[in-house]
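Novice: Read in the UniProt record's numbering, the sequence shown has 143 at position 143, and its numbers run on one by one without any break.
My questions all concern the structure below.
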Amino acid sequence: MKTLWQHCHVATMANGKYSIIEDAAMVTAGSLIEWVGPRSQAPTADYTQVHDLQGAWVTPGLIDCHTHTVFGGNRSGEFEQRLEGVSYAEIAAKGGGIASTVRATRAASEDELFLSAEKRLRSLLRDGVTTVEIKSGYGLDLANERKMLRVARRLGEALPVSVRATCLAAHALPPEYKDRADDYIEHICKEMLPALAAEGLVDAVDAFCEYLAFSPEQVERVFKVAQQLGLPVKLHAEQLSSLHGSSLAARYHALSADHLEFMTEEDAIAMAAAGTVAVLLPGAFYFLRETQLPPMDALRKHGVKIAIASDLNPGTSPALSVRLMLNMACTLFRMTPEEALAGATQHAATALGLGDTHGSLEVGKVADFVAWQIDRPADLAYWLGGELDKRVVRHGVDVTV
Ligand code: DI6
Ligand code: FE
């Protein structure tokens, strides 16, 4: 089935640049892009369908490469406490924070988790997302991490979105391992990861490298096992302090290191050399009222690819719109709208190991795109929330909701 999409302008985002084609056309064959270029040069063929996009700007489908979409309960009560002056670390020390979401997630059935996550995911999809990463990390034992990852897989089957599932068992210390972090790491390495990987539930392995979570040495033990299992790694690093987790991630050729407010220039050099993507999470920066900015100059100077994601989670970033994150990346981190859009398309794809197949509108890539009724691509980082008129196409099929 060959389809012609015309009367549009295209920002291909090839190599992370707008790479604009005005008065463009695109040909899709099944789920792939077969041709893209100026409309006047579009190949003549016996098209099954011809779509008039009415002057829309076409971009790759948005890719949210860091989310914790699946969780039980929510933490708006803690949000109120923080506004009264209690810090995230203090709340965590009193059994709140991640631990309270772990309790709610363990108590929820798989179907309950599916239904609550589906609502949040639909909100991301209405905003133009066609690929999303979803982490476990609120189960913290084999049965409950499995439950979360199964929900992630089911979401990908039920909704028009490609889901990459990341095992974040090393997110926090479960209560039954209190004061025994090394034993929990051992349990992850010996039991959890091998079992979950064997069940086909894991596309990548992540960990939280932080003074209130796991040390670089502990993270490295998890990475070694991931490597043995043939799974790529990612890391929450340098969010609240500098432990050089991002350099550790680079040594393991991680797909990405994420957060990074406290990273150093040396970390940036290591990441650039390894091709590890810097995933910046302006929603968490904003929500925690962080003041330490990620080192944008060092990242740019050394050519580290920068992705932007929602970090959608109940504690530090209850963010339901990637476009809002693009705006925050510009206003808070002084990124350009072009850099921000590259961060939610081509570089986000690379952060998921999908850089060769997703993230830009090029021949041979998957036909995931959004036709936005906007005046120029910068509009995507400009509007604060709301809904933009658009058509969403996934695998060559219109899936507009
Ligand atoms: N960093 C974050 O921002 C989230 N996880 C992490 O490692 C927070 C998760 C939460 O507070 O529930
Ligand atoms: Fe996160």
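Using N, Cα and C, we set each Cβ at its ideal position, and we do this for glycine too.
Assuming Val277 contacts Leu255 under a Cβ cut-off of 8 Å, what Cβ separation, rounded to an integer in Å, is found between them?
Specialist: Indeed they touch by this definition, with Cβ atoms about 7 Å apart.
Novice: Give the straight-line distance between the Cα atoms of His395 and Leu332, rounded to the nearest whole angstrom.
Specialist: One C-alpha to the other measures close to 34 Å.
Novice: Alpha carbon to alpha carbon, how far is Cys209 from Leu235? Give it in angstroms, no decimals.
Specialist: Leu235 and Cys209: Cα-Cα distance of roughly 7 Å.
Novice: Beta-carbon separation of Asp203 and Leu168 under 9 Å?
Specialist: The answer is no: Cβ separation not under 9 Å.
Novice: Does the pairing of the region 5-12 with the region 349-359 give three or more beta-carbon distances under 8 Å?
Specialist: The answer is no - the region 349-359 does not touch the region 5-12, with fewer than three Cβ pairs under 8 Å.
Novice: Compare the Cα-Cα distances from Ile20 to each of Leu4, Val27, Gly37 and report the closest residue.
Specialist: Taking only the C-alpha atoms, the option nearest Ile20 is Gly37.
Novice: Out of Pro194, Tyr184, Glu199, Ala195, state which residue places its alpha-carbon closest to the alpha-carbon of Ser215.
Specialist: Among Pro194, Tyr184, Glu199, Ala195, the Cα nearest to that of Ser215 is on Tyr184.
Novice: Which residue marks the beginning of the beta strand (DSSP E) containing His51, and which one marks its end?
Specialist: Segment 49-60, the beta strand (DSSP E) holding His51.
Novice: Measure the CB-CB distance between Cys65 and Ala342 and report whether it falls below 9 Å.
Specialist: No, these two residues do not count as a Cβ contact at 9 Å.
Novice: Since Pro38 is in the beta strand (DSSP E), which residue starts that stretch and which ends it?
Specialist: Its beta strand (DSSP E) spans residues 32-38.
Novice: Comparing the CB of Ser256 with every heavy atom of the ligand DI6, is any distance shorter than 8 Å?
Specialist: No.
Novice: Could you name the residues of the same chain whose beta carbon sits closer than 6 Å to that of Asn144, not counting the 5 residues immediately before and after it, in chain order?
Specialist: Counting only Cβ-Cβ distances below 6 Å, and skipping sequence neighbours, we find Arg106.
Novice: Identify whether Ala45 lies in helix, strand or coil by the three-state DSSP scheme.
Specialist: Here Ala45 sits in coil by DSSP.
Novice: Hey, is Lys301 close to the ligand HEM, as in C-beta under 8 Å from one of its heavy atoms?
Specialist: Among the ligands in the structure shown, the ligand HEM does not appear; only the ligand DI6 and the ligand FE can be found there.
Novice: Hey, is Lys135 close to the ligand FE, as in C-beta under 8 Å from one of its heavy atoms?
Specialist: Checking the Cβ of Lys135 against the ligand FE gives yes.
Novice: Indicate the three-state DSSP secondary structure (helix, strand or coil) for Cys65 in the structure shown.
Specialist: Cys65: coil per DSSP, three-state reduction.
Novice: Determine the closest residue to Val27 out of Ser40, Tyr18, Lys2, Gln41, with distance taken between C-alpha atoms.
Specialist: When each option's Cα is compared against that of Val27, the closest is Lys2.
Novice: Going by DSSP, what residues sit across from Leu4 in a beta bridge?
Specialist: DSSP lists Val27, Val50 as partners of Leu4.
Novice: Measure how close the beta-carbons of Gly128 and Val370 come, nearest whole angstrom, since I'm counting them as under 8 Å.
Specialist: Right, their Cβ atoms sit about 4 Å apart.
Novice: Compute the beta-carbon to beta-carbon distance between Ile134 and His358, rounded to the nearest angstrom, for a pair I have assumed lies under 8 Å.
Specialist: Not quite, the Cβ-Cβ distance comes to about 16 Å (not below 8 Å), so this is no contact.
Novice: For the alpha helix (DSSP H) containing Ala143, list its first residue and its last residue.
Specialist: Element bounds for Ala143: 142-158.
Novice: What's the call for Gln346, buried or exposed, on a 16-neighbour Cβ count within 10 Å?
Specialist: Its Cβ being crowded by 16 or more others within 10 Å, Gln346 is buried.
Novice: The alpha helix (DSSP H) with Phe369 in it runs from where to where?
Specialist: Element bounds for Phe369: not the alpha helix (DSSP H) but the beta strand (DSSP E), 369-372.
Novice: Whose CA, out of Glu217, Thr264, Pro232, lies closest to the CA of Gln239?
Specialist: The residue with the shortest Cα to Cα distance from Gln239 is Thr264.
Novice: If the criterion is Cβ atoms closer than 9 Å, does the pair Ser100 and Glu78 meet it?
Specialist: Closer than 9 Å, so yes.
Novice: So, does the region 281-297 touch the region 308-328, judging by three or more C-beta pairs under 8 Å?
Specialist: Yes, the region 281-297 touches the region 308-328.
Novice: For the ligand FE, I want to know if Asn313 counts as a neighbour, meaning its beta carbon is within less than 8 Å of at least one of the ligand's heavy atoms.
Specialist: Yes.
Novice: Just checking Ala344 against the ligand FE - is the residue's beta carbon closer than 8 Å to any of the ligand's heavy atoms?
Specialist: Every heavy atom of the ligand FE is 8 Å or more from the Cβ of Ala344, so no.
Novice: Please confirm whether Leu229 and Ala197 have their CB atoms less than 9 Å apart.
Specialist: Yes, these two residues count as a Cβ contact at 9 Å.
Novice: With burial defined as no fewer than 16 other Cβ atoms inside 10 Å of the residue's Cβ, what is the status of Gln41: buried or exposed?
Specialist: Gln41 comes out exposed.
Novice: If distances are taken between C-alpha atoms only, which option among Gly16, Met192, Leu243, Trp383 comes closest to Ala213?
Specialist: Answer by Cα proximity: Leu243.
Novice: Grab the span of the alpha helix (DSSP H) containing Ser247 for me, first residue to last.
Specialist: Run containing Ser247: 245-251, per the alpha helix (DSSP H) assignment.
Novice: Have a look at Val58, Ser31, Thr44 and flag the residue whose alpha-carbon is nearest the alpha-carbon of Leu388.
Specialist: Of Val58, Ser31, Thr44, the residue nearest in Cα terms is Val58.
Novice: Indicate whether Val392 and Ala367 have their beta-carbon atoms separated by less than 9 Å.
Specialist: Going by C-beta atoms, Val392 is not nearer than 9 Å to Ala367.
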